[in-house]
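Take a look at the structure set out below.
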Amino acid sequence: MSLKEPAALAEYLKKKKVLVLTGFLCEEVELQGKKLGDYAADIARRLGAPVAAGATTAVAMRQRGLPGTKKMFAAEVVNYLRYPWQDSVAPAKPELLVLMGYDRQSCGSLASAARDTETVSLGNAYVPEATFSFPDCSWHRWHLLLEELVQALGK
Amino acid sequence: MPEDKKRPPDRKRVVSVGHSQVDLSQIVRDIRGIEDMLAELLEKDWNENRWGQFDMRLTPFADAADIAEWDTALLYRHPALYTHPQGTCTACPLGPCGLEKGKGRCGLDLEAFQAKLSLGVACRGCHSQMVASRELLNYALKVFGRGAPVHGGGPLLYMGDFAPSLGILTGIYAQKLEDLDRALSYAEGQLQKLGAASIAGTGTAQDFEGMTLHAGSLLFLAMELAELVKVSCFGFTSAAGQRMEDLIDYPPVTAWGGLGSVEAGKPVMAFTGDDFLPAYVAMKELQQKGLTERVEVCGVGAAGHDILRFYDRCRLLGPMPMATKLVRSGIADVVVVSSACLSLDIPSHAAKVGTKVILTTPLGSSGLRDRTDDPVADIVRDLVAGEGGVVVRDAEKAGLVALEVCQKVRRPPTRVPSDSQVKQEAARCREDCDQCFTACPNSLLINQAVKKSVKEGVAPLTAVEGGCYFCGKCEEVCPEHIPLRDLILAAQASGTEKDKYPMRPGRGPIPDCEQRALTFALIYGNCPGLVMVQGCGDARIREDIGWIAHEMAARNCIVMTAGCGAGEIARYYDADQGKFAYQKFGAEYQSRMLINCGSCTAHVQLMDLSFRAARLAAGISHYANYAETGDYNYQRIKQVLIMWGVLSERQYAMAAGYARNWLPVIVGPATAFQWKRYLLGNKHDRSRWWLWDGIDGRKREIEPAPKHLIIPVETKEEAVAMAAIMVARATELRDMRQADIETYTDIYLRHFGELPDDWHRYIRTDAELPLREKARLLEELRDKHGWEIGRMRVSKPRHPDGRLMTVAEYVHNYSLEQGRYATCLHRLITRSGKQAAGEAKP
Numbered sequence: 001m002s003l004k005e006p007a008a009l010a011e012y013l014k015k016k017k018v019l020v021l022t023g024f025l026c027e028e029v030e031l032q033g034k035k036l037g038d039y040a041a042d043i044a045r046r047l048g049a050p051v052a053a054g055a056t057t058a059v060a061m062r063q064r065g066l067p068g069t070k071k072m073f074a075a076e077v078v079n080y081l082r083y084p085w086q087d088s089v090a091p092a093k094p095e096l097l098v099l100m101g102y103d104r105q106s107c108g109s110l111a112s113a114a115r116d117t118e119t120v121s122l123g124n125a126y127v128p129e130a131t132f133s134f135p136d137c138s139w140h141r142w143h144l145l146l147e148e149l150v151q152a153l154g155k
Numbered sequence: 156m157p158e159d160k161k162r163p164p165d166r167k168r169v170v171s172v173g174h175s176q177v178d179l180s181q182i183v184r185d186i187r188g189i190e191d192m193l194a195e196l197l198e199k200d201w202n203e204n205r206w207g208q209f210d211m212r213l214t215p216f217a218d219a220a221d222i223a224e225w226d227t228a229l230l231y232r233h234p235a236l237y238t239h240p241q242g243t244c245t246a247c248p249l250g251p252c253g254l255e256k257g258k259g260r261c262g263l264d265l266e267a268f269q270a271k272l273s274l275g276v277a278c279r280g281c282h283s284q285m286v287a288s289r290e291l292l293n294y295a296l297k298v299f300g301r302g303a304p305v306h307g308g309g310p311l312l313y314m315g316d317f318a319p320s321l322g323i324l325t326g327i328y329a330q331k332l333e334d335l336d337r338a339l340s341y342a343e344g345q346l347q348k349l350g351a352a353s354i355a356g357t358g359t360a361q362d363f364e365g366m367t368l369h370a371g372s373l374l375f376l377a378m379e380l381a382e383l384v385k386v387s388c389f390g391f392t393s394a395a396g397q398r399m400e401d402l403i404d405y406p407p408v409t410a411w412g413g414l415g416s417v418e419a420g421k422p423v424m425a426f427t428g429d430d431f432l433p434a435y436v437a438m439k440e441l442q443q444k445g446l447t448e449r450v451e452v453c454g455v456g457a458a459g460h461d462i463l464r465f466y467d468r469c470r471l472l473g474p475m476p477m478a479t480k481l482v483r484s485g486i487a488d489v490v491v492v493s494s495a496c497l498s499l500d501i502p503s504h505a506a507k508v509g510t511k512v513i514l515t516t517p518l519g520s521s522g523l524r525d526r527t528d529d530p531v532a533d534i535v536r537d538l539v540a541g542e543g544g545v546v547v548r549d550a551e552k553a554g555l556v557a558l559e560v561c562q563k564v565r566r567p568p569t570r571v572p573s574d575s576q577v578k579q580e581a582a583r584c585r586e587d588c589d590q591c592f593t594a595c596p597n598s599l600l601i602n603q604a605v606k607k608s609v610k611e612g613v614a615p616l617t618a619v620e621g622g623c624y625f626c627g628k629c630e631e632v633c634p635e636h637i638p639l640r641d642l643i644l645a646a647q648a649s650g651t652e653k654d655k656y657p658m659r660p661g662r663g664p665i666p667d668c669e670q671r672a673l674t675f676a677l678i679y680g681n682c683p684g685l686v687m688v689q690g691c692g693d694a695r696i697r698e699d700i701g702w703i704a705h706e707m708a709a710r711n712c713i714v715m716t717a718g719c720g721a722g723e724i725a726r727y728y729d730a731d732q733g734k735f736a737y738q739k740f741g742a743e744y745q746s747r748m749l750i751n752c753g754s755c756t757a758h759v760q761l762m763d764l765s766f767r768a769a770r771l772a773a774g775i776s777h778y779a780n781y782a783e784t785g786d787y788n789y790q791r792i793k794q795v796l797i798m799w800g801v802l803s804e805r806q807y808a809m810a811a812g813y814a815r816n817w818l819p820v821i822v823g824p825a826t827a828f829q830w831k832r833y834l835l836g837n838k839h840d841r842s843r844w845w846l847w848d849g850i851d852g853r854k855r856e857i858e859p860a861p862k863h864l865i866i867p868v869e870t871k872e873e874a875v876a877m878a879a880i881m882v883a884r885a886t887e888l889r890d891m892r893q894a895d896i897e898t899y900t901d902i903y904l905r906h907f908g909e910l911p912d913d914w915h916r917y918i919r920t921d922a923e924l925p926l927r928e929k930a931r932l933l934e935e936l937r938d939k940h941g942w943e944i945g946r947m948r949v950s951k952p953r954h955p956d957g958r959l960m961t962v963a964e965y966v967h968n969y970s971l972e973q974g975r976y977a978t979c980l981h982r983l984i985t986r987s988g989k990q991a992a993g994e995a996k997p
């Protein structure tokens with residue numbers, strides 16, 4: 001579902017057991033001077049959600065003040081969702097995966113394989129496989145959507 | 156074999172293996188027509204001890220179902236994970252069938268349908284190589300005759316070790332071209348069956364996945380066959396014919412790659428695709444006429460790597476996915492295009508720069524005139540006079556035409572946008588758009604580069620140029636119709652002079668004496684394992700594959716490569732030492748080496764190594780004996796494959812082939828997430844990680860090794876971290892475990908700032924801890940994993956079930972004692988082991 005109202009998403013996320021999954025673009029893409037990883041950290045912090053740090057984002061996520069960050073491989077995360085949850089990255093099976101730092105194709109793959117778990121794609125391309133996804137948008141609009149989401153999540 | 160399944164007595168054929176008498180009908184389902192072949196194999200290549208110890212079965216000319224016993228064991232531990240599941244099947248007139256809520260009319264369920272689609276991809280991946288191998292073999296049969304001998308290029312490959320990817324499926328010990336013909340006919344028939352199953356099959360997901368693995372094995376057979384013909388009939392380089400002491404630098408690093416390696420002012424002919432024959436003919440003519448100094452011969456993709464194995468003056472321009480971009484650079488006067496792993500519109504790109512095209516592929520004309528039956532002089536005349544391209548389905552004629560045309564044709568100089576033109580075009584880029592970034596399959600930050608180009612010109616574009624393989628999707632979505640590929644070409648042109656690197660041509664096979672010499676380093680030394688690095692050359696950061704190869708070789712691994720990836724690795728430059736990758740590392744089959752085997756077909760050399768290992772170490776004959784060979788490799792051979800940049804379906808089939816031999820495959824970077832099937836293990840599920848103790852018949856819990864069989868990763872750092880632990884095996888000796896853990900934990904700490912959460916599952920005693928980090932790891936065992944530690948020793952390890960136990964108890968209850976024989980297959984428990992276990996059933 002295309003999501004143009006970040007505030008509504010924020011309310012939804014607050015009710016869920018969320019796991020934030022950070023991908024390879026988190027440290028590459030910069031929106032108005034703020035990296036995608038910074039947004040991922042803001043979201044995880046405000047939700048109190050654990051972070052499964054994909055690619056090489058683990059060190060940077062910890063430096064952003066998220067000591068509970070754990071290095072994970074994205075494919076392993078969705079693979080474990082097929083089974084009774086046992087991984088230490090989250091105390092219980094996540095109800096919702098927030099995917100940040102993935103291109104449309106990778107994000108679609110991960111979302112389509114995540115069994116019994118909702119997915120939210122916060123990239124700048126609409127990902128139909130995700131339960132909720134930002135729409136296709138420019139980087140400027142993307143920046144605004146992320147800012148709005150972070151603000152709506154509160155402190 | 157049960158009594159009622161035996162062949163009738165008249166089909167019985169008894170042969171001698173040592174002092175034992177073996178009834179072939181007991182070990183082969185149907186021996187009719189292959190009795191002599193089987194008798195020869197058993198008498199020459201079988202070990203009497205093994206025959207006596209196990210319940211042996213052979214599968215000559217195997218169907219997928221014949222090896223299902225093995226595939227089932229493999230898929231049980233690494234079940235398929237499907238992405239982008241397709242919920243509706245439209246494959247037959249009874250459909251469409253929605254499978255989300257139940258089975259289709261043919262009985263297929265959703266998962267089986269995904270597996271069937273996966274099989275279709277693997278079959279497509281096989282087809283182009285199968286055709287290329289057939290074309291090559293048919294040519295060799297015509298020119299050299301059916302009785303022409305087949306060999307490995309020298310005396311260092313013995314019958315037992317010869318062509319295992321071919322022998323393991325068929326049982327054929329190939330000695331003549333006619334043997335190859337028989338093997339390829341088998342493979343073609345098998346591929347037809349698999350293709351039919353991918354269309355009309357009605358099996359289970361496991362059936363189709365088994366067939367997908369079988370398609371991979373057939374691909375390697377076709378590659379093996381091509382390699383044998385290349386070495387036997389065309390004199391390709393082969394390490395098997397060299398002296399052992401020369402292999403450290405064989406072949407020497409004399410070749411050059413990159414656009415900058417092509418000498419300006421000379422006529423240039425380029426060859427792309429899988430077929431080297433036109434180049435072979437042209438090169439012979441070139442040498443005969445004394446023109447080698449006057450004409451530049453270039454190769455793109457497989458053809459380039461093949462040419463280097465008989466003519467090291469060839470310039471390797473780049474990998475196959477880059478072919479259109481390289482052609483658009485205008486480097487070549489004429490380009491000969493054969494069929495390949497990818498379908499690319501080379502003729503239309505060539506037309507833009509006036510490069511003449513000679514199409515040799517039997518797979519279509521691209522709208523060009525078929526001039527196959529015309530005289531060479533006429534074709535040359537017309538091409539020089541202005542005809543843009545022709546089809547010549549005759550490799551010899553194509554080679555001669557190419558040589559003539561490149562010397563006679565006059566082309567206008569190729570123009571790319573100037574710096575000011577780039578600025579002008581970039582100025583049209585909309586501030587609020589960024590669609591090019593979204594459309595780019597490699598997620599290149601084109602939008603950012605173009606915006607910077609408004610002020611800085613070409614320079615910012617060089618950051619994305621290397622990862623662009625000219626698919627044109629950015630241009631398709633650009634609302635301002637900016638010719639983005641022209642801008643990329645400008646960036647490419649600005650770096651042409653620097654695009655020059657030395658490389659080592661392919662060396663062909665690894666002779667068995669070389670493989671034996673490695674034993675100490677791999678089994679008792681500190682070599683973490685054998686890491687194969689390959690790829691199509693379409694990764695978003697071009698330099699990554701070289702970094703991966705360098706990183707693993709520098710960590711004392713044996714790094715092997717072949718295909719387009721081998722050329723991309725050559726670009727890696729160590730600024731500290733002032734050396735390129737192949738200059739820095741030797742080429743012997745030893746630790747800390749970087750070995751290039753050759754073109755795409757030479758990937759089979761990597762596979763053959765592990766098939767041979769079973770023989771070298773355990774006396775297992777590979778002939779028609781997949782399950783036992785694979786079973787040995789699964790437990791013993793520390794090997795892993797990193798596929799970096801995986802555009803073609805051939806790579807998909809290849810990954811399946813490797814995986815069937817329990818050779819774990821890591822695919823990346825992020826574009827590999829487009830694959831729709833992976834084989835992933837779950838390290839948390841202890842019920843899946845076990846082996847039969849082959850000596851006493853007990854079921855033994857083991858560490859999750861290898862963790863996965865096919866897994867995608869996002870970055871080069873993830874690739875090396877995953878590779879470091881995917882080489883781990885349950886039967887490893889102490890020093891091997893030390894090497895594993897040292898590499899695994901060091902890479903994790905360096906790139907991810909933490910220790911992995913599962914490293915402790917791969918050790919049992921403090922003696923297996925790497926000395927450098929021993930204190931830290933012991934502390935981690937105590938504090939995080941609840942082990943009892945006394946001074947610098949492990950007093951009591953904690954079993955994954957939570958029990959603390961003595962080290963002796965632990966070693967007896969978790970993983971395997973050093974060197975202990977174990978197996979995935981119940982029938983391969985020793986007869987005495989079965990008796991000891993009271994004939995335990997699986």
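Quick mapping for you: the protein sequence lines, in order, are chains A and B.
With our numbering applied, the first sequence covers 1 to 155.
With our numbering applied, the second sequence covers 156 to 997.
Don't be surprised by glycine CBs; every beta carbon is placed ideally from N, CA and C.
None of the values given here were measured: they were computed from a predicted structure.
Report the rounded CA-to-CA distance for residue i versus residue j, giving the unit in angstroms.
{"i": "residue 866 of chain B", "j": "residue 100 of chain A", "result": "20 Å"}
{"i": "residue 997 of chain B", "j": "residue 938 of chain B", "result": "Any reading at residue 997 of chain B needs caution, since the residue's pLDDT is 41, under 50, leaving its predicted position unreliable; the model's value is listed next. Those two C-alpha atoms are separated by around 38 Å."}
{"i": "residue 54 of chain A", "j": "residue 548 of chain B", "result": "49 Å"}
{"i": "residue 95 of chain A", "j": "residue 152 of chain A", "result": "20 Å"}
{"i": "residue 38 of chain A", "j": "residue 136 of chain A", "result": "21 Å"}
{"i": "residue 790 of chain B", "j": "residue 853 of chain B", "result": "16 Å"}
{"i": "residue 1001 of chain B", "j": "residue 604 of chain B", "result": "Because residue 1001 of chain B is not part of the residues shown, which for chain B are 156 to 997, the question remains open."}
{"i": "residue 421 of chain B", "j": "residue 587 of chain B", "result": "46 Å"}
{"i": "residue 850 of chain B", "j": "residue 975 of chain B", "result": "8 Å"}
For residue i, count neighbouring Cβ atoms within 10 angstroms of its own Cβ and tell me buried if that reaches 16, exposed if not.
{"i": "residue 448 of chain B", "result": "exposed"}
{"i": "residue 786 of chain B", "result": "buried"}
{"i": "residue 230 of chain B", "result": "buried"}
{"i": "residue 401 of chain B", "result": "exposed"}
{"i": "residue 727 of chain B", "result": "buried"}
{"i": "residue 759 of chain B", "result": "buried"}
{"i": "residue 947 of chain B", "result": "exposed"}
Compare the C-beta of residue i against all C-beta atoms of chain B and say whether one is closer than 8 Å.
{"i": "residue 150 of chain A", "result": "no"}
{"i": "residue 39 of chain A", "result": "no"}
{"i": "residue 129 of chain A", "result": "yes"}
When you compare the CB of residue i with every CB in chain A, is at least one pair closer than 8 Å?
{"i": "residue 243 of chain B", "result": "no"}
{"i": "residue 829 of chain B", "result": "yes"}
{"i": "residue 837 of chain B", "result": "yes"}
{"i": "residue 903 of chain B", "result": "yes"}
{"i": "residue 140 of chain B", "result": "What the structure shows of chain B is the stretch from 156 to 997, and residue 140 of chain B is not part of that stretch, so it cannot be assessed."}
With a Cβ-Cβ cutoff of 8 Å, do residue i and residue j count as a contact?
{"i": "residue 857 of chain B", "j": "residue 970 of chain B", "result": "yes"}
{"i": "residue 380 of chain B", "j": "residue 288 of chain B", "result": "yes"}
- Counting only runs of 4+ residues fully inside the stretch 72-116 of chain A, write out the alpha helix (DSSP H) ranges in chain order. As far as the stretch 72-116 of chain A is concerned, its whole alpha helix (DSSP H) runs of at least 4 residues are 74-80, 104-113.
**Request:** List in chain order: all unbroken alpha helix (DSSP H) runs of 4+ residues lying wholly within the stretch 285-340 of chain B.
**Result:** Counting only runs of 4 or more, we get 319-325.
Exercise. What runs of the alpha helix (DSSP H), each 4 residues or longer, lie entirely inside the stretch 599-629 of chain B?
Worked result: Listed in chain order, the complete alpha helix (DSSP H) runs (minimum 4 residues) inside the stretch 599-629 of chain B are 601-611, 617-620.
Would you list, in sequence order, the uninterrupted beta strand (DSSP E) runs of no fewer than 3 residues that lie entirely inside the stretch 826-909 of chain B?
-> Fully contained in the stretch 826-909 of chain B are the following beta strand (DSSP E) runs of length 3 or more, in chain order: 832-835, 845-848, 854-856, 863-867.
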